[in-house]
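Below is one structure; the comments refer to it alone.
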Amino acid sequence: MTDHFAEVSSKTELLKEKYINAMDLHEAGSLLEAEALYEELLPILPTNALLLNSYGTLLYQQGRRATALQYLLKSILMQPDMAIYYNRFGAVLRADEETTAEARVAYKRAILIDAFLYEAHLNLAGLLLDLGHGKEALNSAKIAAEIRPNDWMARLRFGMSLRGSGKYMEAWGEADAAKSLNPLAGEVYLELCVLSLLLGKGNEGTSFAQKGIILTPEKQQFYAQLAGAINLLREKEITDIRLNGAVSCIKGDKIDLGLWGRRSLILSPVDPFLRHLYALDCQEKNLMSRGLENSKRAVLLDPSNGSFYYHLAGLFQKMGCLDDAFLFSRLVSKIFQHTAPNNHILWETSFALGRSREAWLHWEKRFETHSAPRRLGLPSRKWDLGSSLTKPLLVCSEQGIGDEILYLSCLPDLITDYEKLVVECDVRWGALFKRSFPDVTIIPRQTSLDENEQPFYDYYEVVAKHDIGAYLLSGDLPRFYRSDFTVAPPASGYLKPDQQRCRTFANYLNKSADEKLIGICWRSGFAPAWPFIYPELRDIVTNMPDGHYRLINLQYGAFSSEFKTIFEECGVDIEQIPDLDQIDDLDGVAALMGCLDLVISTSSTVLHLACALGIKTISTYYPNFRSSEGTDPLFGNCYPMLLPDESFCSKIVSQRTGKAVKDFLKEWSIRVKNR
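As structure tokens, then:
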């Protein structure tokens, strides 16, 4: 008897030793050796729950999921009170989207058996986060973080759950704690990137995205986050320029987003969103052919995404492929109606192709898009040319302040047809418009912000106060009075600057009898220096002819460092006018322009204001409305340097500008390239 028990005990010890060896090999990653030992033990211990569970786990690690599930389930049947078995079963179930519901049940069962099982809480929180149930994940994520407060993954998942619950600042604290616990984890930086964008922290988002790319270059999501952070920086700094003109460059422009984009595409060449982002970056750098190629691929990879078609249409337009641009823009307007922020490509390409009748139809529908601000309180009647009206007519503003000057170039024509006018415009135009149109009632823009910080127009008070009978938008005026682009528009201007301030500026400038004063504005002060819209200042000044003239700054925003660089490297002095706020004191800018002989400007408020004052003006862009005539359809004194089917090029535009200035200095006239 004693020998029999000794033999049994010896066999038990051998089995135990063999199982321990199998476990050691399993944990060391020697899966084939561990598998051999497990398979020796299974015929001897076919109902041993721990052995079944270990073998099932190994099978899953080898990619044999279906067989693994059988052994894991069998281990649960053999020992149904083991929480860890349910947790492992849930992990294998979660690997297939079709069994995520069962995985959720398994995790919850594990927690029911052991309310403090860290792994089950962590896994359940991760599953719920993947399913987009941030609020539901919050409880398990919080418990996991409480059980192991020094575990970076627990703190990260808790932070992600807080974000999913809309608690962004608390989420930031948890993600930051996770970063402190594991500063080399790429997942942490990805979460901090997301939170940075949600909290408007562009600088932090850019920094976290760059660190994440360095740590985990295979995660292409960082490229999208970096793009978002840079755009956030641009938006913020553009706003800063608008508020105080204190920013002279966009920090995000210093980062080579395209470099990271190319690397991401090497890792994930069939990701349509990465293709799309890279195409946008190429467009911003004026690498149009490369951008077009990647934009096309994005469409092919995901033909259901309307925004991809919209941006493809924009690239075609910028490259002068107008028929293709129209085709894809039309596709967006018909199939993806809520995708395009506006339909400007439709009417611009139609005008550029000489299809003016069709273009005006698209122009009428320019605000039938999701991004158009609401206009509340307007009278039911919209005025049309030839309509009779006894009550005052409201002319509503639209788009930017430069557009107001552009469209209201037709206001003198409207006044001849109808005298009782109330005109809405930016408050900065108030003095200039009242002086130019003393019989017209001028009111400031009636804009407000709704509960979501979105702008809208509120006309209830204005309509009641002025007894408004009908309305039209200022952009409707060109359709009434400049519909035929073959008819030369007025060239004398329609605005009247303050003569006293003109004399003040003239005295300051102290112009000699034989010299010319040329105002210059080469880009918008409210946007990045897009190379597909704005010429380089260096290109302009190096192409300027010799002659007796001075360059006067009309560039709004903070560009003093650029002026200094141009002076040091090119020997060209662009004169500054002290104490003139070129952003808010637009009446002063008009008075300064009244002293100039010629203005060179990109498509901006400066261009339209100079034209509206009757000054000969060289446009470094396309004609307004991208007219196919090659001349400007609204201002007879505007000389565009680009034809509508040409692609923008700074050097070409600057060369043409230099030649136009040479013509002006020689003959007091400007000749432009025409059809």
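0 is the number of the first residue of the sequence shown in numbering that gives the first Met the number 0; add one for each residue after it.
Don't be surprised by glycine CBs; every beta carbon is placed ideally from N, CA and C.
Run through DSSP, which three-state label would residue 280 get? What you label residue 280 is simply residue 281 of the sequence shown in a count that begins at 1. Here residue 280 sits in helix by DSSP.
Q. Per the contact definition of three or more C-beta pairs closer than 8 Å, is the segment 575-586 in contact with the segment 611-622?
A. no
Expected contact under 8 Å - CB spacing of residue 30 and residue 14 to nearest Å
Looking up residue 30 in the sequence shown gives position 31. Looking up residue 14 in the sequence shown gives position 15. The pair is not a contact, with the Cβ atoms about 21 Å apart (cut-off 8 Å).
Going by beta-carbon coordinates alone, are residue 326 and residue 479 separated by less than 8 Å? Taking the first residue of the sequence shown as position 1, residue 326 is located at position 327. Taking the first residue of the sequence shown as position 1, residue 479 is located at position 480. It is not a contact, given that the beta carbons lie outside the stated cut-off.
In whole angstroms, what is the alpha-carbon distance linking residue 646 and residue 203?
Translated into the one-based positions of the sequence shown, residue 646 becomes position 647. Translated into the one-based positions of the sequence shown, residue 203 becomes position 204. Looking at the two C-alpha atoms, the distance is approximately 36 Å.
When the Cα atoms are used, what is the spatial distance from residue 573 to residue 596? Within the sequence shown, numbered from 1, the residue matching residue 573 stands at position 574. Within the sequence shown, numbered from 1, the residue matching residue 596 stands at position 597. Distance between the alpha carbons of residue 573 and residue 596 is about 15 Å.
Report task. Can you say whether residue 455 is buried or exposed, counting buried as having 16 or more other CB atoms within 10 angstroms of its CB? Result -> Residue 455 sits at position 456 when you count from the first residue of the sequence shown. Burial check for residue 455: the Cβ neighbour count within 10 Å stays below 16, so the residue is exposed.
Q) If residue 391 and residue 474 are in contact, beta carbons under 8 Å, what's the gap, nearest whole angstrom? A) Position 392 of the sequence shown, counted from the start, is the residue given in the question as residue 391. Position 475 of the sequence shown, counted from the start, is the residue given in the question as residue 474. Their Cβ separation, rounded to whole angstroms, is 20 Å, which puts residue 391 and residue 474 out of contact at 8 Å.
Exercise. Assign residue 495 to one of three DSSP states: helix, strand, or coil.
Key: Here residue 495 refers to the residue found at position 496 of the sequence shown. In the structure shown, residue 495 sits in coil (DSSP, three-state: anything other than H, G, I, E or B).
Task: Cut-off 8 Å between Cβ atoms - residues of its own chain near residue 599, not counting five sequence neighbours on either side - done: Position 600 of the sequence shown, counted from the start, is the residue given in the question as residue 599. The residues are 517, 518, 519, 520, 521, 539, 616, 617, 619, 656 and 660.
*Flag residue 657 as yes if its beta-carbon sits less than 8 Å from any beta-carbon of chain D, otherwise no.*
Absent here is chain D; the protein component of the structure consists of one chain.
Using DSSP with H/G/I as helix, E/B as strand and the rest coil, what is residue 516?
The residue you call residue 516 lines up with position 517 of the sequence shown. Reduced to three states, the DSSP call for residue 516 is strand.
- Task: Would you tell me roughly how many angstroms separate the C-alpha atoms of residue 93 and residue 284, rounded to the nearest one?
- Result: As a working mapping, residue 93 is identified with position 94 in the sequence shown. As a working mapping, residue 284 is identified with position 285 in the sequence shown. Their backbone Cα atoms lie some 43 Å apart in a straight line.
- Query: Can you name the residues that DSSP bridges to residue 625?
  - Reply: Within the sequence shown, residue 625 is the residue found at index 626, counting from 1. For residue 625, which the question treats as bridged, DSSP gives no partner whatsoever.
Legend entry - Rounded C-alpha distance that separates residue 157 from residue 206: Along the sequence shown, read from residue 1 onward, the residue named residue 157 stands at position 158. Along the sequence shown, read from residue 1 onward, the residue named residue 206 stands at position 207. Near 23 Å, if we compare the C-alpha coordinates of residue 206 and residue 157.
Indicate the three-state DSSP secondary structure (helix, strand or coil) for residue 439 in the structure shown. Stepping through the sequence shown from its first residue, residue 439 is reached at position 440. It is coil, neither helix nor strand.
Q: Evaluate residue 676 with the Cβ neighbour count: other Cβ atoms within 10 Å of its Cβ, from every protein chain shown; 16 or more gives buried, anything less gives exposed.
A: The displayed coordinates of the chain run from 0 to 674. Any statement about residue 676 would go beyond what the structure contains.
Quiz item: Is residue 21 near residue 44, with beta carbons less than 8 Å apart?
Solution: Your numbering for residue 21 matches position 22 in the sequence shown. Your numbering for residue 44 matches position 45 in the sequence shown. Result no, Cβ atoms of residue 21 and residue 44 do not sit closer than 8 Å.
With H, G and I counted as helix, E and B as strand and the rest as coil, what does DSSP make of residue 467? The residue labelled residue 467 in the question sits at position 468 within the sequence shown. Three-state result, residue 467: coil.
**Report entry** Contained alpha helix (DSSP H) runs [length at least 4] in the segment 163-209, N- to C-terminal order
**Finding:** 167-180 and 185-197
Item to complete: Whole angstroms is fine: what's the gap from residue 354's alpha carbon to residue 366's?
Response: Taking the sequence shown and counting its residues from 1, the one referred to as residue 354 is at position 355. Taking the sequence shown and counting its residues from 1, the one referred to as residue 366 is at position 367. Those two C-alpha atoms are separated by around 20 Å.
Counting along the chain, where does the alpha helix (DSSP H) carrying residue 327 start and finish?
Locating residue 327 in the sequence shown gives position 328, where the first residue counts as 1. Run containing residue 327: 321-334, per the alpha helix (DSSP H) assignment.
Checklist line | Counterpart residues of residue 127 in DSSP-defined beta bridges | finding: Residue mapping note: residue 127 aligns to position 128 of the sequence shown, counting from 1. Residue pairing by DSSP places residue 127 opposite no residue, since no beta bridge is assigned to it.
Exercise for review: Report the partner residues of residue 454 according to the DSSP bridge assignment.
Suggested key: Numbered from 1 along the sequence shown, position 455 holds the residue referred to as residue 454. Paired residue(s): 448.
Note to self: Looking only at its chain, what residues have a beta carbon closer than 6 Å to the beta carbon of residue 78, apart from the 5 residues adjacent to it on each side?
What the structure shows: Residue numbering aside, residue 78 sits at position 79 when the sequence shown is read from its first letter. Cβ within range, chain order: 48.
(request) Examine the Cβ distances between the segment 145-160 and the segment 180-192 and report whether three or more of them are shorter than 8 Å. (result) yes
### Proximity to residue 91 [Cα-Cα], best of 82, 105 and 80
The sequence position of residue 91 within the sequence shown is 92, counting from 1. Nearest C-alpha to residue 91: 105.
Would a C-beta distance cut-off of 8 Å place residue 315 and residue 324 closer than the cut-off?
Position 316 of the sequence shown, counted from the start, is the residue given in the question as residue 315. Position 325 of the sequence shown, counted from the start, is the residue given in the question as residue 324. Taking 8 Å as the Cβ cut-off, residue 315 and residue 324 qualify as a contacting pair.
Among residues of its own chain, excluding the 5 on either side of residue 82, which ones have a beta-carbon nearer than 6 Å to its beta-carbon? Your numbering for residue 82 matches position 83 in the sequence shown. Result list for residue 82: 109, 112, 113 and 116, in chain order.
- Message: Given this structure, state the Cα-to-Cα distance separating residue 370 from residue 491, to the nearest angstrom.
- Response: Here residue 370 refers to the residue found at position 371 when the sequence shown is read from its first residue. Here residue 491 refers to the residue found at position 492 when the sequence shown is read from its first residue. Answer to the nearest angstrom: the Cα atoms are 36 Å apart.
- prompt: Thinking C-alpha only, which one of 328, 633, 528 and 197 is nearest residue 311?
  reply: Residue mapping note: residue 311 aligns to position 312 of the sequence shown, counting from 1. Closest by alpha carbon: 328.
Report task. Excluding the 5 residues preceding and the 5 following residue 274 in the sequence, name in chain order all residues of the same chain whose CB lies nearer than 6 Å to its CB. Result -> Walking along the sequence shown from the start, residue 274 turns up at place 275. Within the same chain, residue 274 has close Cβ partners 293, 296 and 297.
Residue 526 to residue 271, Cα distance in whole Å? For the purposes of this step, residue 526 is taken as the residue at position 527 of the sequence shown. For the purposes of this step, residue 271 is taken as the residue at position 272 of the sequence shown. So the two alpha carbons sit approximately 27 Å from each other.
- For residue 494, which option in 286, 174 and 436 has the closest C-alpha, if you only look at C-alpha atoms? For this step, residue 494 is matched to residue 495 along the sequence shown. Residue 494 has its Cα closest to that of 436, out of 286, 174 and 436.
So residue 608 and residue 589 are in contact, right, with Cβ under 8 Å, and what is the actual spacing, rounded? As a first step, residue 608 must be located in the sequence shown, where it is residue number 609. As a first step, residue 589 must be located in the sequence shown, where it is residue number 590. Confirmed, Cβ separation roughly 6 Å.
Buried or exposed, going by whether 16 or more other CB atoms sit within 10 Å of the CB of residue 546? On the sequence shown, position 547 is the one that residue 546 refers to. The residue is exposed, with fewer than 16 neighbouring Cβ atoms inside 10 Å.
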